[in-house]
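J.: Below you'll find the structure I mean.
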Ligand code: FRU
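Numbering (the working numbering), first residue to last: 6 to 528.
Spelled out as structure tokens, the structure:
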């Protein structure tokens, strides 16, 4: 029984902890990609959702975690360190300020973690790869468009210089620097353009306030580094009630209502540049790096200028694409939901099966223990019945006398018990002169255990083995006293008593007289 409890003790916690173990089976993803976004906004939300959807695109166990620094560079540095601490395998980062984030990037690289710059770069060459639009080309393409198309029309209308204002994004970020470089290079080689730039901060408010501040300047074209600032600029013209506002050009070209492409179609913007997102390509590049596949270090994503000439076609295609993407997102969400349900059911099934297995083993152990108990009880009962039979059965009583018989007086046909009794009788007689004789040892020589010997002797004689030995010694002494001339002392030693005094006391107790008294009687 204690063994059973020991097993149960081991099994029960197993049954209790199995559900816990099963629920813990979801380990970490094989590829943990941390994304550090310098800011939020609709353009970055699109990249983020594309990256999250791409987790399920490449038949790999990918986990994308995104941190948004809300245009706070100190927060971005902190978030980068935290992502590293959380155990990411690769960092994807759009640095808010190219200089301020550089040290944090170097730290990440020193930890052996690959770094992928996307959209923006930092002032360090210690990055693994870059993926994003070509911002210099953005500025250059917009500049060339202005020079090629708008100046030409301006020329047709009277020949005055084309007045162009560039409102840049925050110049501590690489896209603002690159877009400005591309744009100003084109402006620089164009003598018929009156060009100036003002630094702003990527926000609609920035674009709005810049245009208000420029109200006395009759700009023909305002190129804003993103659609947010372009939107602010248009609003400023509307609020000022300018009769002939400048043609506003933005960058980003997001699909959807009241976004860049829509604004070009509605005539609010003159043009916008589609600045590519492609979150799925970012995750693909990250996986190539993590799995050791070959990859390009510089990966340029293609953009395009949307102008009144191509906006209808572009809007059609991009709206179509957007609704398909939305459908995919819905399908993906539903799949996630079903997958979640499947996983829960799968886990529940696993837990039930394991618990059932534990219960079956426990039941088997209990049954085995009960059967064993029943067997032991039956054996005890049988023994008890045997004993009762012995004391009530005259044949058995006769068996006791075997110990009082000499070998030559024994009957020829004997039972198993009789044979045992004879053998023991013989063994005791042969060894009784040894005062150190141990009944257990005699039993062992006969091939039976101490307990078996005890039970058997008790059942056959009603005496314990030690009592039987003493009784047989005294009987033999009685015979020797009555039939020989040996002294009491000699007889005491011969039958195995350690001291004659003890022998005399035992003899008197057994026969009611001392050995010397018997000797007197039998002389
Ligand atoms: C969004 C954004 C875009 C712009 C890009 C440049 O945060 O300002 O509007 O094109 O970043 O990095």
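We treat Cβ as the ideally placed atom computed from N, Cα and C, and that holds for glycine.
Are the beta-carbon atoms belonging to residue 530 and residue 256 less than 8 Å from one another?
T.: The structure shown does not extend to residue 530, since the chain spans only 6 to 528, so no value can be given for it.
J.: Determine, using beta carbons only, whether residue 258 and residue 178 come nearer to each other than 8 Å.
T.: As a working note, residue 258 is residue 253 in the chain shown. As a working note, residue 178 is residue 173 in the chain shown. No, they are not a contact pair.
J.: Taking Cβ to Cβ, would you say residue 503 is nearer than 8 Å to residue 439?
T.: Counting from one through the chain shown, the residue named residue 503 turns up at place 498. Counting from one through the chain shown, the residue named residue 439 turns up at place 434. No, the pair does not count as a contact, with Cβ atoms beyond the cut-off.
J.: Using 8 Å as the threshold, is the C-beta distance between residue 274 and residue 235 below it?
T.: Reading the chain shown from its first residue, position 269 is the one you call residue 274. Reading the chain shown from its first residue, position 230 is the one you call residue 235. Yes, the pair counts as a contact, with Cβ atoms nearer than the cut-off.
J.: Just how far apart, CA to CA, sit residue 89 and residue 97?
T.: Here residue 89 corresponds to residue number 84 of the chain shown, with the count starting at 1. Here residue 97 corresponds to residue number 92 of the chain shown, with the count starting at 1. Taking the straight line joining both Cα atoms gives about 11 Å.
J.: Measuring straight from C-alpha to C-alpha, what distance separates residue 127 and residue 147?
T.: Here residue 127 refers to the residue found at position 122 when the chain shown is read from its first residue. Here residue 147 refers to the residue found at position 142 when the chain shown is read from its first residue. Roughly 24 Å between the two C-alpha positions.
J.: Is residue 230 buried or exposed, if buried means 16 or more other CB atoms sit within 10 Å of its CB?
T.: Walking along the chain shown from the start, residue 230 turns up at place 225. Classification of residue 230: buried, given that the 10 Å Cβ count is 16 or more.
J.: What's the call for residue 246, buried or exposed, on a 16-neighbour Cβ count within 10 Å?
T.: As a first step, residue 246 must be located in the chain shown, where it is residue number 241. With fewer than 16 Cβ atoms within 10 Å of its Cβ, residue 246 is classed as exposed.
J.: Are residue 118 and residue 94 closer than 8 Å when you measure CB to CB?
T.: Indexing the chain shown from 1 puts residue 118 at position 113. Indexing the chain shown from 1 puts residue 94 at position 89. It is a contact, given that the beta carbons lie within the stated cut-off.
J.: With a threshold of 8 Å on Cβ separation, who are the neighbours of residue 53 within its own chain once the five nearest residues in sequence on each side are excluded?
T.: If you number the chain shown from 1, residue 53 lands on position 48. The answer, listed in chain order, is 40, 42, 71, 284.
J.: Just verifying my parser: in three-state terms, what is the DSSP assignment at residue 228?
T.: Taking the first residue of the chain shown as 1, we reach residue 228 at position 223. Correct three-state label for residue 228: strand.
J.: Rounding to the nearest angstrom, what Cα-Cα distance links residue 10 and residue 377 in this structure?
T.: Working through the chain shown from its first residue, we reach residue 10 at position 5. Working through the chain shown from its first residue, we reach residue 377 at position 372. Low local confidence applies: a pLDDT of 40 at residue 10 is under 50, so the model's placement there is unreliable, with the coordinate-based value given in what follows. Cα to Cα, residue 10 sits roughly 14 Å from residue 377.
J.: Report all residues from its chain with a CB closer than 6 Å to the CB of residue 30; omit the five preceding and five following residues, and keep chain order.
T.: Taking the chain shown and counting its residues from 1, the one referred to as residue 30 is at position 25. Confidence is the limiting factor: at residue 30 the pLDDT is only 42, short of 50, which leaves the residue's position unreliable and the question unanswerable from this model.
J.: Could you check where the beta strand (DSSP E) with residue 173 kicks off and where it finishes?
T.: Here residue 173 corresponds to residue number 168 of the chain shown, with the count starting at 1. Start and end: 167-173.
J.: Determine the DSSP secondary structure at residue 475, reduced to helix, strand or coil.
T.: Here residue 475 refers to the residue found at position 470 of the chain shown. Three-state result, residue 475: helix.
J.: Looking only at its chain, what residues have a beta carbon closer than 7 Å to the beta carbon of residue 223, apart from the 5 residues adjacent to it on each side?
T.: To locate residue 223, count along the chain shown from 1; it is residue 218. Result list for residue 223: 168, in chain order.
J.: Residue 267 and residue 180 - do their beta-carbons sit closer together than 8 Å?
T.: Indexing the chain shown from 1 puts residue 180 at position 175. Indexing the chain shown from 1 puts residue 267 at position 262. In this structure, residue 267 does not lie closer than 8 Å to residue 180 by Cβ.
J.: Using beta-carbon positions only, say whether residue 337 and residue 61 come within less than 8 Å of one another.
T.: Translated into positions along the chain shown, residue 337 becomes position 332. Translated into positions along the chain shown, residue 61 becomes position 56. Yes; because the gap between Cβ atoms is below 8 Å, this pair is in contact.
J.: Whose CA, out of 466, 470, 508, 467, lies closest to the CA of residue 483?
T.: For this step, residue 483 is matched to residue 478 along the chain shown. Nearest option by C-alpha distance: 508.
J.: Quick check: does the Cβ of residue 54 come within less than 7 Å of any heavy atom belonging to ligand 1?
T.: In the chain shown, counting from the first residue as 1, residue 54 sits at position 49. Result no, Cβ not under 7 Å from ligand 1.
J.: For ligand 1, is there a heavy atom less than 7 Å away from the beta-carbon of residue 231?
T.: Here the question's residue 231 lines up with position 226 in the chain shown. Checking the Cβ of residue 231 against ligand 1 gives yes.
J.: Identify whether residue 72 lies in helix, strand or coil by the three-state DSSP scheme.
T.: Reading the chain shown from its first residue, position 67 is the one you call residue 72. Residue 72 carries a strand assignment under DSSP once its states are collapsed to helix, strand and coil.
J.: Would you kindly work out how many angstroms separate the C-alpha atoms of residue 462 and residue 358, rounded to a whole number?
T.: Numbered from 1 along the chain shown, position 457 holds the residue referred to as residue 462. Numbered from 1 along the chain shown, position 353 holds the residue referred to as residue 358. Spanning the two alpha carbons is a distance of roughly 55 Å.
J.: By alpha-carbon positions, which one of 65, 51, 373, 109 ends up nearest to residue 78?
T.: By 1-based counting over the chain shown, the position of residue 78 is 73. When C-alpha distances from residue 78 are compared across 65, 51, 373, 109, the shortest belongs to 109.
J.: Assign residue 437 to buried or exposed, taking buried as 16 or more other Cβ atoms, counted over all protein chains shown, within 10 Å of its Cβ.
T.: Here the question's residue 437 lines up with position 432 in the chain shown. So residue 437 counts as buried.
J.: Verify the CB distance criterion: does residue 36 have a CB-CB separation below 8 Å to chain C?
T.: This model lacks chain C altogether; it includes just one protein chain.
J.: By alpha-carbon positions, which one of 49, 47, 67 ends up nearest to residue 37?
T.: By one-based count along the chain shown, residue 37 stands at place 32. Measuring from the Cα of residue 37, the nearest candidate turns out to be 67.
J.: State buried or exposed for residue 318, treating a residue as buried only when at least 16 other CB atoms are found within 10 Å of its CB.
T.: Numbered from 1 along the chain shown, position 313 holds the residue referred to as residue 318. With fewer than 16 Cβ atoms within 10 Å of its Cβ, residue 318 is classed as exposed.
J.: In its own chain, which residues sit with a C-beta less than 7 Å from the C-beta of residue 129, not counting the 5 before and 5 after it?
T.: On the chain shown, position 124 is the one that residue 129 refers to. Hits under 7 Å: 107, 110, 111.
J.: Is residue 224 a contact residue of ligand 1, with contact defined as CB to any heavy atom under 7 Å?
T.: Start at 1 with the first residue of the chain shown, and residue 224 comes out as number 219. Result no, Cβ not under 7 Å from ligand 1.
J.: Determine, using beta carbons only, whether residue 444 and residue 458 come nearer to each other than 8 Å.
T.: Counted from its first residue, the chain shown places residue 444 at position 439. Counted from its first residue, the chain shown places residue 458 at position 453. In this structure, residue 458 lies closer than 8 Å to residue 444 by Cβ.
J.: Have a look at residue 291 and residue 221 and give me their C-alpha separation to the nearest angstrom.
T.: For the purposes of this step, residue 291 is taken as residue 286 along the chain shown, with counting starting at 1. For the purposes of this step, residue 221 is taken as residue 216 along the chain shown, with counting starting at 1. Using only the alpha carbons, I get a separation of about 49 Å.
J.: Starting from residue 42, follow the beta strand (DSSP E) in both directions and report where the run begins and ends.
T.: Counting from 1 along the chain shown, the entry for residue 42 is found at position 37. Note, residue 42: beta strand (DSSP E), 36-42.
J.: Can you look up residue 257 in the DSSP assignment and give me helix, strand or coil?
T.: Working through the chain shown from its first residue, we reach residue 257 at position 252. Strand, per DSSP.
J.: Thinking C-alpha only, which one of 368, 228, 196, 87 is nearest residue 144?
T.: Walking along the chain shown from the start, residue 144 turns up at place 139. Selected option, being the one with the closest Cα: 228.
J.: Measure the alpha-carbon distance for residue 210 versus residue 131 and round it to whole angstroms.
T.: Locating residue 210 in the chain shown gives position 205, counting from the first residue. Locating residue 131 in the chain shown gives position 126, counting from the first residue. About 35 Å.
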